[in-house]
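Trainee: After the C-alpha cells below, expect a handful of questions from me.
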Amino acid sequence: MNTLRTPAEAKAWLIDRGISVKEFAYSHGLDAATTYQILNGRKLGRRGKAHAAAVALGIKRLVSEDE
C-alpha cells in the first residue's frame with residue numbers, strides 16, 4: 001500500500017468489504033478495543049498495540065529500523 005488512509009477512510013474500507021472491526025482485529029492479532037479507538041480517533045497509534053493497529057489499518061506506514 002502506497003497511500004495512507006485516514007481513520008474515516010479505514011473505517012469505510014472495512015464497511016465496504018463487510019468486515020467488522022472485531023473480525024479485522026482478531027485476524028491481525030490485534031486488540032479489538034484498541035482498533036476501535038484508532039478508528040474513532042481516541043488513540044493516535046504512537047506506540048505499542050495502538051501503533052500496530054494503525055499500521056494494519058493503513059493509517060500509518062511501518063518504518064524499518066534502517067530508515
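So the sequence shown is numbered by full-length UniProt numbering: it starts at 1 and just counts up by one. Just so you know, even glycine gets a beta-carbon here, dropped at the ideal spot from N, CA and C.
Applying the criterion that 16 or more other CB atoms from any shown protein chain within 10 Å of the CB defines a buried residue, is A50 buried or exposed?
Mentor: Looking at its Cβ environment, which holds 16 or more other Cβ atoms inside 10 Å, A50 is buried.
Trainee: Where do the N-terminal and C-terminal ends of the alpha helix (DSSP H) with I38 fall, by residue?
Mentor: I38 -> alpha helix (DSSP H) spans 32-39.
Trainee: Assign K60 to one of two classes, buried (16 or more other C-beta atoms within 10 Å of its C-beta) or exposed (fewer than that).
Mentor: Buried is the call here.
Trainee: Residue range of the alpha helix (DSSP H) that G48 falls in?
Mentor: 48-57 is the extent of the alpha helix (DSSP H) around G48.
Trainee: Using a threshold of 8 Å, state whether the C-beta atoms of I38 and L62 are closer than that.
Mentor: No, Cβ-Cβ distance for I38 and L62 is not below 8 Å.
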